[in-house]
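One structure below.
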Amino acid sequence: MSADPQTALLALSPLDGRYAGKVDALRPIFSEFGLIKARVKVEVEWLLALANEPGIVELKPFSEAAAARLRALADGLSVEDAARVKEIERTTNHDVKAVEYLIKERLKDDAELGPALEFVHFACTSEDINNLSYALMLNQARQHVLLPRLDELIQALRAMAHAHAALPMLSRTHGQTASPTTVGKELANVVARLQRQGETLAGAQMPGKINGAVGNYNAHVSAYPDIDWPVFCERFVASLGLDWQPYTTQIEPHDGIAELCDAQRRIDTICIDLCRDVWGYISLGYFKQAVKAGEIGSSTMPHKVNPIDFENAEGNFGIANALFEHFAAKLPISRWQRDLTDSTVLRALGTAFGHALIGVDALMRGLGKLSVNPERLAADLDASWEVLAEAVQTVMRRHGLPNPYEQLKALTRGQGINQASMREFIASLELPADDKQRLLAMTPGSYTGLAERLAREI
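Counting along the sequence shown from 1, when you hit position 17 you're at -2 in my numbering, and nothing is skipped either side.
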């Protein structure tokens, strides 16, 4: 469903223009068609549930064939069917009522289902259908698009972490030289963070409710006072693969959506952090980028190979997070028993997840172009012998030498330290022979602690 070239040129949103092909996986889920299809599914499943409730004597259970016809209406809903809903909506000026009317229109000539017409949307307020529809849409996007794509990113980073587990790299804290690490360990840090937040995203509950106009089952009880409606409705919501929300106003309070958005926002934030770090490492020459034939880095400077993928990713993650932050702050708030401000905001969910998906795509593309520059890494390490001061003063502490920190501070701070001066200082220390020899053999490139092990264990 990618936009054709002329349509793309006229698209208001880049998601439907420049980036249309990159968000095709989300289009059937978060589009207007996706919302309509989810609403039809909820309405159909509610009708089937009512038909199987013995206490509703006026509605008999449907035959297997009739139930299959009902579900086929939902599962096989076409774009043309959705267009018919929009046509009905032009008269009703109510989108959920238009879905109800479409279902009744399709059932009216069915010998078995036709008599059940007035149980379509029975005892429901629009929000009963909407909250369950959005919950289904978010679950679908999470399970089939977001988590699989996140897993691909984690696997790519893990492979890089293992490949470069032993490759030493100078650390920089506060922008200054610091204890060495390895390229693989720094990537392993990102893998660990993304895994943790991915588990949070996967485990976030997606609550739903179907308890009427203000959450009290008023209409339900007025028609069938002897049915235990909370139990019935909880069972129905669970049958959709959703979590039960027992206490609501007219709307499901959207705390679950806020939690999901916060989880995705943290994932995006970690990715922004990675993009900025890699951007910096490219600038330092630690990474090189593969040159793509015909690609232009600068319109005026032909030598440039810009880190455009990481910049594109950072920008899209930022747009996504601005929306996720708004969703998490706004959606749980509704005046009294209901206001309509959530309705238009919920329609933008796909926009946020679309930009997040584009961000991951650009980040993956950028990572795929990277190669490490061992010579540049080694040169920086060899110019930073002062980083061994930490190791030397720690061994001095172990053996009770006086003022080890102060001695190393006087030696290293603000002064140029090289291999000769560092080894001369070590040779002057009254240390056991084994420890002194170990320090004398140490180089900035070998002083990486357990970085290699940690990178391989991720």
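C-beta: ideal position from N, C-alpha, C; glycine also.
Quick caveat: nothing in here was measured; it's all calculated off a predicted structure.
- Straight-line measurement puts the Cα of Ala19 at about 14 Å from the Cα of Val218.
- The C-beta distance from Leu(-10) to Gly(-2) rounds to 7 Å, short enough to fall under 8 Å.
- In this structure the segment 250 to 269 does not touch the segment 189 to 206; the number of beta carbon pairs closer than 8 Å is below three.
- Closest by C-alpha distance to Val272, out of Lys78, Leu168, Tyr262 and Asn287, is Asn287.
- In the three-state reduction of the DSSP assignment, Arg153 falls in the strand class, which pools E and B.
- By the Cβ rule, the segment 104 to 116 counts as touching the segment 184 to 194, because three or more pairs are nearer than 8 Å.
- A distance of 7 Å or more separates the beta carbons of Leu29 and Ala116.
- Beta bridge pairing from DSSP links Trp225 with Gly189.
- With a beta-carbon spacing of about 7 Å, Glu133 and Met345 fall inside the 8 Å limit used to define contacts.
- Residue pairing for Leu351: DSSP places it in a beta bridge opposite Gln270.
- In the three-state DSSP reduction, Ala55 falls in the helix class (H, G or I).
- As computed with DSSP, Ala159 is found in a beta bridge with Ser152.
- Below 8 Å, too few C-beta pairs join the segment 156 to 170 and the segment 203 to 211 to call them touching: fewer than three.
- Each of Leu431, Gly430, Glu24 and Ala408 was checked against the Cα of Leu420, and the nearest Cα belongs to Ala408.
- By the neighbour-count criterion, in which 16 or more other beta carbons inside 10 Å mark a residue as buried, Asp290 falls on the buried side.
- Across the set Leu321, Lys350, Pro129 and Trp317, the C-alpha of Pro129 shows the shortest separation from the C-alpha of Glu180.
- Counting along the chain, His143 sits inside the alpha helix (DSSP H) bounded by residues Leu128 to Ala144.
- Taking 4 residues as the shortest admissible run, the segment 349 to 430 contains the following complete alpha helix (DSSP H) segments, listed from N- to C-terminal end: 355 to 363, 370 to 379, 385 to 393, 400 to 408 and 414 to 422.
- Around the C-beta of Ala391, fewer than 16 other C-beta atoms lie within 10 Å, and the residue is accordingly described as exposed.
- It is roughly 12 Å from the alpha-carbon of Glu99 to the alpha-carbon of Glu86.
- Fewer than three pairs of CB atoms, one per stretch, sit closer than 8 Å, so the segment 50 to 62 makes no contact with the segment 152 to 166.
- Our two residues, Ile251 and Thr163, have alpha carbons roughly 19 Å apart in a direct line.
- If you look at Thr72, you'll find it in the alpha helix (DSSP H) that goes Val60 to Thr73.
- For Glu411, the closest of Ala294, Phe11, Met377 and Gly426 by C-alpha to C-alpha distance is Met377.
- Out of Ala329, Ala337 and Ala360, the CA that lies nearest to the CA of Ile300 is found in Ala337.
- Under the three-state reduction of DSSP output, Pro211 falls in the helix class.
- Shortest Cα-Cα distance from Tyr262 to any of Val195, Ser(-6), Pro234 and Ser352 involves Ser352.
- Between the segment 229 to 238 and the segment 318 to 328 there are three or more C-beta pairs closer than 8 Å, enough to call the two in contact.
- Judged by beta-carbon spacing, Arg379 lies beyond the 7 Å limit of Asn302, meaning their Cβ atoms are not closer than that value.
- Cβ-Cβ distances below 8 Å link Glu433 to Ala146, Ala147, Thr163, Gly165 and Lys166 in the same chain, with the five nearest sequence neighbours on each side left out; the list follows chain order.
- Rounded to whole angstroms, the gap between the alpha carbons of Ala49 and Lys78 is 23 Å.
- Comparing alpha carbon positions, the residue from Pro211, Leu241, Ala239 and Leu221 closest to Tyr228 is Pro211.
- Annotated three-state conformation of Trp317 is coil, per DSSP.
- Between Gly335 and Val4 a beta carbon distance of about 4 Å is seen, short of the 8 Å cut, so the two are scored as contacting.
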